[in-house]
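Chains as they are written, first to last, in the numbering used here: chain A, 41 to 437; chain B, 41 to 437. Virtual Cβ for every residue (Gly too), placed ideally from N, Cα, C.
2 protein chains.
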Amino acid sequence: MALAFDSARWGALAAVRTRGDVGDGIASVLALLGRPDVISFAGGFPDPETFPRERVAALLHEFAAAGESPAFQYAPTRGLAGTLDVIADRLERQQGRRPAEDELLITSGGVEALELIGKSFVDPGDVVVVEAPTYLGSIQSFRSFEAELVPVTLEENGLDVAELEQRLAGGLRPKLLYTIPDHQNPAGVSLAADRRATLVELARFYGFLVVEDVAYRELGFEGESLPSLWSLGPDIVVQVGTTSKTLFPGVRLGWAAGPAGVVDRLVAAKQVTDQCAGALGQRLFEESERRGWIDEQLARSRALYRRKCERMLAALKRSMPESARWTTPRGGFFSWLTLPGVDAVELAGRAVEQGVAVVPGMLFFPDGRGTDTLRLSYSLVDEAKIDEGIARLGSIL
Amino acid sequence: MALAFDSARWGALAAVRTRGDVGDGIASVLALLGRPDVISFAGGFPDPETFPRERVAALLHEFAAAGESPAFQYAPTRGLAGTLDVIADRLERQQGRRPAEDELLITSGGVEALELIGKSFVDPGDVVVVEAPTYLGSIQSFRSFEAELVPVTLEENGLDVAELEQRLAGGLRPKLLYTIPDHQNPAGVSLAADRRATLVELARFYGFLVVEDVAYRELGFEGESLPSLWSLGPDIVVQVGTTSKTLFPGVRLGWAAGPAGVVDRLVAAKQVTDQCAGALGQRLFEESERRGWIDEQLARSRALYRRKCERMLAALKRSMPESARWTTPRGGFFSWLTLPGVDAVELAGRAVEQGVAVVPGMLFFPDGRGTDTLRLSYSLVDEAKIDEGIARLGSIL
Numbered sequence: 041m042a043l044a045f046d047s048a049r050w051g052a053l054a055a056v057r058t059r060g061d062v063g064d065g066i067a068s069v070l071a072l073l074g075r076p077d078v079i080s081f082a083g084g085f086p087d088p089e090t091f092p093r094e095r096v097a098a099l100l101h102e103f104a105a106a107g108e109s110p111a112f113q114y115a116p117t118r119g120l121a122g123t124l125d126v127i128a129d130r131l132e133r134q135q136g137r138r139p140a141e142d143e144l145l146i147t148s149g150g151v152e153a154l155e156l157i158g159k160s161f162v163d164p165g166d167v168v169v170v171e172a173p174t175y176l177g178s179i180q181s182f183r184s185f186e187a188e189l190v191p192v193t194l195e196e197n198g199l200d201v202a203e204l205e206q207r208l209a210g211g212l213r214p215k216l217l218y219t220i221p222d223h224q225n226p227a228g229v230s231l232a233a234d235r236r237a238t239l240v241e242l243a244r245f246y247g248f249l250v251v252e253d254v255a256y257r258e259l260g261f262e263g264e265s266l267p268s269l270w271s272l273g274p275d276i277v278v279q280v281g282t283t284s285k286t287l288f289p290g291v292r293l294g295w296a297a298g299p300a301g302v303v304d305r306l307v308a309a310k311q312v313t314d315q316c317a318g319a320l321g322q323r324l325f326e327e328s329e330r331r332g333w334i335d336e337q338l339a340r341s342r343a344l345y346r347r348k349c350e351r352m353l354a355a356l357k358r359s360m361p362e363s364a365r366w367t368t369p370r371g372g373f374f375s376w377l378t379l380p381g382v383d384a385v386e387l388a389g390r391a392v393e394q395g396v397a398v399v400p401g402m403l404f405f406p407d408g409r410g411t412d413t414l415r416l417s418y419s420l421v422d423e424a425k426i427d428e429g430i431a432r433l434g435s436i437l
Numbered sequence: 041m042a043l044a045f046d047s048a049r050w051g052a053l054a055a056v057r058t059r060g061d062v063g064d065g066i067a068s069v070l071a072l073l074g075r076p077d078v079i080s081f082a083g084g085f086p087d088p089e090t091f092p093r094e095r096v097a098a099l100l101h102e103f104a105a106a107g108e109s110p111a112f113q114y115a116p117t118r119g120l121a122g123t124l125d126v127i128a129d130r131l132e133r134q135q136g137r138r139p140a141e142d143e144l145l146i147t148s149g150g151v152e153a154l155e156l157i158g159k160s161f162v163d164p165g166d167v168v169v170v171e172a173p174t175y176l177g178s179i180q181s182f183r184s185f186e187a188e189l190v191p192v193t194l195e196e197n198g199l200d201v202a203e204l205e206q207r208l209a210g211g212l213r214p215k216l217l218y219t220i221p222d223h224q225n226p227a228g229v230s231l232a233a234d235r236r237a238t239l240v241e242l243a244r245f246y247g248f249l250v251v252e253d254v255a256y257r258e259l260g261f262e263g264e265s266l267p268s269l270w271s272l273g274p275d276i277v278v279q280v281g282t283t284s285k286t287l288f289p290g291v292r293l294g295w296a297a298g299p300a301g302v303v304d305r306l307v308a309a310k311q312v313t314d315q316c317a318g319a320l321g322q323r324l325f326e327e328s329e330r331r332g333w334i335d336e337q338l339a340r341s342r343a344l345y346r347r348k349c350e351r352m353l354a355a356l357k358r359s360m361p362e363s364a365r366w367t368t369p370r371g372g373f374f375s376w377l378t379l380p381g382v383d384a385v386e387l388a389g390r391a392v393e394q395g396v397a398v399v400p401g402m403l404f405f406p407d408g409r410g411t412d413t414l415r416l417s418y419s420l421v422d423e424a425k426i427d428e429g430i431a432r433l434g435s436i437l
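Structure, rendered in structure tokens:
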């Protein structure tokens with residue numbers, strides 16, 4: 041009587057939104073990280089050296105000794121009041137604007153905020169503008185709601201706002217524009233100040249929502265930063281942040297700050313994604329911030345990533361062919377390598393055979409561009425192996 | 041030049057899937073919990089007395105002392121290998137079947153598993169059968185993907201499988217059927233053994249996926265349980281579990297076990313919801329389970345909830361009118377009260393004025409049924425206030 045149920049059968053039952061090529065990209069990147077014999081410039085993970093293990097253990101001991109309940113219980117969907125408060129304080133201190141109560145939401149990491157935005161705003165066929173290249177997870181996330189992704193060129197000074205303006209004038213009507221203005225993933229560049237003002241004006245004029253991902257904003261090597269898009273256009277920008285790079289990724293924690301009419305929808309959507317971000321992570325971040333530990337950790341992290349970055353850039357100078365070009369990050373985790381005439385996918389395959397992992401740049405475009413590009417991450421790689429890794433990569437070229 | 045952006049404007053940009061009445065229900069339930077002057081039978085939260093605060097603080101101290109990284113880092117999307125292993129062991133011990141590696145996924149709580157299932161399988165208009173009444177979050181979750189919800193009656197012995205069979209024979213073609221077979225939320229009843237076998241056969245014959253939510257399965261007062269649907273039909277059932285009731289809810293953690301062709305799709309979807317469940321929670325659960333602490337905690341939790349349940353049932357007997365009926369839970373958090381001829385929404389409003397919070401049963405039906413029903417939760421209410429709370433409720437009737 042029973043039908044035979046196999047993968048093909050479940051495939052036939054799957055929702056239309058899943059039938060695209062969703063999801064394999066990140067998995068293949070992460071898979072490269074797992075091989076212990078490989079010197080990996082592949083993943084964008086923070087260095088475990090930055091993890092404040094002892095301090096959070098001491099905090100949890102305090103919570104236990106005090107018989108505290110909120111750290112262990114369900115949290116309100118929008119977030120714990122105290123945690124919302126310290127995040128609002130921090131945004132005010134760093135960006136010169138404090139979100140009102142209904143303009144802020146705590147999320148389960150930055151990527152969940154993208155999911156909530158996609159679920160709340162993207163209908164099949166809606167246009168979402170992304171930088172070319174952009175964060176792979178954003179491509180997958182917006183595609184999972186059947187968005188039409190329109191890439192706009194990313195330059196040394198960030199998104200090519202002139203190209204965007206031209207396309208808007210020509211009739212392009214996006215619902216969302218997704219950008220990483222600071223120390224971009226994957227390209228390691230930042231959006232120039234004048235372009236920020238223009239972008240916000242374009243969003244107001246054409247009526248689209250800017251999704252500003254500030255994952256690497258606090259990791260500028262000099263500790264300084266340009267005005268955030270959200271501070272320039274709080275009426276038209278939703279800012280997505282994460283504590284994965286300022287605390288640690290092992291509690292999924294982030295935030296979204298934006299217009300109340302947007303944030304309210306994200307709160308409603310979050311009730312059925314995971315109901316709330318984990319309260320334990322919220323309380324650990326809250327208390328770490330109250331004691332000034334986040335800024336102390338950040339100062340150490342910036343110094344560490346700067347040192348690793350400089351080492352990698354010096355190694356590239358020694359080992360890369362004349363024709364190669366790469367970006368010079370002023371913060372964040374990534375440099376973007378262009379190798380004219382080289383098939384980067386093939387190169388990445390040969391590199392793994394030589395014990396070096398890099399990510400082909402093509403993955404970061406929604407349209408198959410970037411065949412001669414690579415993303416190099418210096419965040420997780422063992423500092424002492426950077427020279428050797430880049431030398432091996434150079435020897436293949 | 042700029043358009044005025046207000047809530048109406050963002051509403052116009054919102055995705056079609058958000059325009060239903062998604063999300064307000066749970067929020068209004070949770071809002072009732074916040075008032076400290078109220079004796080609340082409203083929320084389904086675990087009692088903080090069960091939280092193993094000292095033990096998890098000791099574990100985190102161990103992780104820190106050992107300089108461990110995985111607890112603080114990103115985890116693989118499917119879950120940490122060690123955590124997957126202890127969950128598989130536990131399922132094998134308790135349910136007599138061990139999921140294969142590709143049949144198990146760690147999620148950010150049970151509700152996230154429902155989100156992943158909805159996103160992976162539900163197209164607009166697809167039929168999802170639910171119990172009437174059922175978990176409010178499931179109604180909201182499936183609706184958020186524009187499912188057509190078809191309620192089938194829930195009886196003292198669980199889902200009315202005969203009614204389901206009749207409707208299937210009459211042409212009903214669901215893609216999914218969602219059930220909570222053990223100590224159901226909201227009704228506090230369990231699915232009889234013979235109905236379990238029949239349900240699995242119907243799923244095989246008609247080709248739908250059974251979503252088995254086992255949130256309260258391990259909270260049977262006697263510590264025993266009937267065969268899980270997943271153990272009876274691993275080819276046609278995906279089981280959704282949570283550690284919120286066995287460890288604590290403050291780390292969002294759960295699992296889904298099902299056919300590989302289903303679980304693979306959930307893993308792909310999870311890459312863009314939150315990328316992974318928090319590693320810290322995974323490691324805390326893993327080590328707690330390895331040391332036998334989860335079962336110890338469960339034994340204490342069962343005794344506590346049993347005592348509270350018995351106290352509430354005795355109070356109902358004293359305080360309710362002759363015509364009232366209520367279910368007698370053998371585990372879990374809830375009893376279901378039927379008050380023929382009473383408008384339960386109006387009653388709940390008057391009860392709050394008298395300092396008692398209860399949830400109108402109508403919320404747990406997708407079709408407005410249950411106007412004379414209430415859900416009573418004994419899990420979180422202060423044990424010493426149960427008698428007074430139920431007496432106040434009785435005095436209104």
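Could you tell me the alpha carbon to alpha carbon distance between L433 of chain A and A82 of chain A, rounded to whole angstroms? Answer to the nearest angstrom: the Cα atoms are 13 Å apart.
Which of the three DSSP states, helix, strand or coil, is assigned to Q311 of chain A? Reduced to three states, the DSSP call for Q311 of chain A is helix.
Which one or two residues does DSSP pair with Q279 of chain A in a beta bridge? According to DSSP, which records beta bridges pairwise, Q279 of chain A is partnered with A:E252, A:A297.
Can you tell me the Cβ-Cβ gap for A98 of chain A and A300 of chain A, rounded? I've got them flagged as a contact below 8 Å. 37 Å between Cβ atoms; not a contact.
DSSP beta-bridge partners of E327 of chain A: DSSP lists no bridge partner for E327 of chain A.
Under 8 Å, do L208 of chain B and Y246 of chain B count as touching if we go by C-beta distance? Yes.
Does DSSP put V421 of chain B in a helix, a strand or coil? Note: V421 of chain B maps to coil in three-state DSSP.
Can you say whether Q113 of chain A is buried or exposed, counting buried as having 16 or more other CB atoms within 10 angstroms of its CB? The residue in question, Q113 of chain A, is buried, as its Cβ has 16 or more Cβ neighbours within 10 Å.
Compare the C-beta of Q311 of chain B with all C-beta atoms of chain A and state if any pair is closer than 8 Å. Q311 of chain B counts as touching chain A.
Proximal chain B residues relative to T413 of chain A, where beta-carbon distance stays under 9 Å: Contact annotation for T413 of chain A against chain B: no contact, minimum CB-CB distance about 23 Å [criterion: below 9 Å].
Assign V62 of chain A to one of two classes, buried (16 or more other C-beta atoms within 10 Å of its C-beta) or exposed (fewer than that). With a pLDDT of 40 at V62 of chain A, under the threshold of 50, the modelled position of this residue cannot be trusted; read the value that follows with caution. The C-beta of V62 of chain A has 16 or more other C-beta atoms within 10 Å across all chains shown, which makes the residue buried.
Proximity below 8 Å, CB of V382 of chain A to CB of M402 of chain A: Going by C-beta atoms, V382 of chain A is not nearer than 8 Å to M402 of chain A.
Straight-line Cα distance separating F103 of chain B from G122 of chain A: When rounded, the distance between both Cα atoms is 27 Å.
What span of residues does the beta strand (DSSP E) with V190 of chain B cover, start to end? Note, V190 of chain B: beta strand (DSSP E), 188 to 195.
Since S160 of chain B meets chain A, which of its residues come closer than 7 Å, beta carbon to beta carbon? Residues of chain A passing the Cβ test: A54, A55, T58.
If you drop the 5 nearest sequence neighbours on each side, which residues of the same chain put their C-beta closer than 6 Å to that of L204 of chain A? Within the same chain, L204 of chain A has close Cβ partners V192.
Exposed or buried, what is I227 of chain B when buried is set at 16 or more other beta-carbons lying within 10 Å of its beta-carbon? According to the sequence provided, residue 227 of chain B is Ala. The question's Ile does not apply to it. Burial call: buried.
How would you call L306 of chain A, buried or exposed, if buried means at least 16 neighbouring beta carbons within 10 angstroms? Buried, because 16 or more other Cβ atoms sit within 10 Å of the Cβ of L306 of chain A.
Can you tell me whether R346 of chain B is helix, strand or coil according to DSSP? DSSP places R346 of chain B in helix when its eight states are reduced to three.
CB contact check: F405 of chain B to chain A, cutoff 8 Å: By the rule that beta-carbons nearer than 8 Å mark a contact, F405 of chain B does not touch chain A.
Closer than 7 Å, Cβ to Cβ, to anything on chain A: give me those residues from the region 274 to 292 of chain B, in chain order. Those would be D275, I276, F288, P289, G290, V291, R292, in chain order.
Which full runs of the beta strand (DSSP E) of 3+ residues lie inside the region 94 to 166 of chain B, going along the chain? For the region 94 to 166 of chain B, whole beta strand (DSSP E) runs of length 3 or above, ordered along the chain, are 144 to 147.
Cβ closer than 7 Å: which chain A residues qualify as neighbours of K215 of chain B? Residues of chain A passing the Cβ test: L53.
Counting only beta-carbon atoms, is V302 of chain B nearer than 8 Å to chain A? Yes, V302 of chain B counts as interfacial toward chain A.
Residues of chain B with a CB under 8 Å from the CB of G321 of chain A: which are they? Chain B residues near G321 of chain A: V291, G318, L320.
Reference T282 of chain A, options A:R57, A:P86, A:W50, A:A52, closest by Cα: Residue A:P86 is the option with its Cα nearest to T282 of chain A.
Suppose you measure from the CA of R138 of chain A to the CA of E132 of chain A; what does that come to, to the nearest Å? R138 of chain A and E132 of chain A: Cα-Cα distance of roughly 4 Å.
Please report the Cβ distance between L249 of chain A and L216 of chain A, rounded to the nearest whole angstrom; I am assuming they are in contact, meaning their Cβ atoms lie under 8 Å. The pair is a contact, with the Cβ atoms about 5 Å apart (cut-off 8 Å).
Nearest residue (CA-CA) to A153 of chain B, options B:G273, B:E252, B:G211, B:V399: That would be B:E252, whose Cα lies nearest to the Cα of A153 of chain B.
Taking buried to mean at least 16 other C-beta atoms within 10 Å of its own C-beta, is A368 of chain A buried or exposed? According to the sequence provided, residue 368 of chain A is Thr. The question's Ala does not apply to it. Classification for T368 of chain A: exposed.
Nearest to V254 of chain B (by Cα), restricted to the options B:P164, B:V167, B:S284, B:G332: The residue with the shortest Cα to Cα distance from V254 of chain B is B:S284.
Establish whether the CB of R236 of chain B and some CB of chain A are separated by less than 8 Å. R236 of chain B does not count as touching chain A.
Under the assumption that Q311 of chain B contacts A297 of chain B (Cβ atoms under 8 Å), give the Cβ distance between them as a whole number of angstroms. The distance from the Cβ of Q311 of chain B to that of A297 of chain B is about 19 Å, inconsistent with a contact at the 8 Å cut-off.
Helix or strand or just coil, what does DSSP make of P400 of chain B? The answer is strand: DSSP assigns P400 of chain B an E or B state.
Does DSSP put G260 of chain B in a helix, a strand or coil? In the three-state reduction of the DSSP assignment, G260 of chain B falls in the strand class.
Taking only runs of the beta strand (DSSP E) that begin and end inside the region 344 to 388 of chain B, which ones reach a length of at least 3 residues, in chain order? Taking only runs of at least 3 residues, the beta strand (DSSP E) segments lying wholly in the region 344 to 388 of chain B are 374 to 378.
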